[in-house]
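Counting from 0, one number per residue, gives the positions in the sequence shown under numbering that gives the first Met the number 0.
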Amino acid sequence: MVLCPMAVYNETGRHLDAWDMASGMVRQIAWTPRWVPELQRETMLLERLFYPEKWIFHRHQLTSCDPRQGGIGNMVNCGAAMYIAPVGAVNAGDPHGAYE
């Protein structure tokens with residue numbers, strides 16, 4: 000799953016924002032097939048995600064919410080937050096850069 004935001008970084012070649020999460024990340028988890036070891040097949044990652052991680056898809060793709068409000072209503076879980084961790088890695092030591 001962490002490969003998804005990295006693929007979006009490679010596509011955009013710039014800092015990721017909420018709109019990249021709404022379009023690029025949704026495309027990666029819902030429409031780009033990937034090998035899933037525990038299923039032993041290539042499939043969409045959406046099939047193996049827990050509800051908080053699926054919320055990224057539901058809010059952005061199905062309800063077309065404002066990307067900055069994508070997390071509103073999601074249950075408390077660290078999974079969805081972990082998938083955006085590369086933003087922190089890319090902006091290590093620059094919290095203002097990560098926020099912008």
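All C-beta atoms, glycine included, are put in the ideal place defined by N, C-alpha and C.
Note that the structure is a prediction, hence the values are computed from the model and not measured.
Can you check DSSP and say which residues form a bridge with residue i?
i: V35; result: R40
Give me, in chain order, the residues of the same chain whose beta-carbon lies closer than 7 Å to that of residue i; leave out the 5 immediate sequence neighbours on both sides.
i: P66; result: A17, W18, M20, A21, H59
Whole angstroms are fine: how far does the CA of residue j sit from the CA of residue i?
i: C64; j: P51; result: 16 Å
i: F56; j: A6; result: 17 Å
i: G12; j: V25; result: 18 Å
i: N9; j: P32; result: 17 Å
Looking at C-alpha atoms only, which residue of the options is the closest neighbour of residue i?
i: W30; options: H95, L38, R40, L45; result: L45
i: H95; options: H14, E10, G70, E41; result: H14
i: W54; options: T42, G70, P4; result: G70
i: I28; options: Q68, N73, T62, M43; result: M43
Using C-beta distances below 6 Å, list every residue in its chain close to residue i, excluding the 5 sequence neighbours before and after it, in chain order.
i: R47; result: V35
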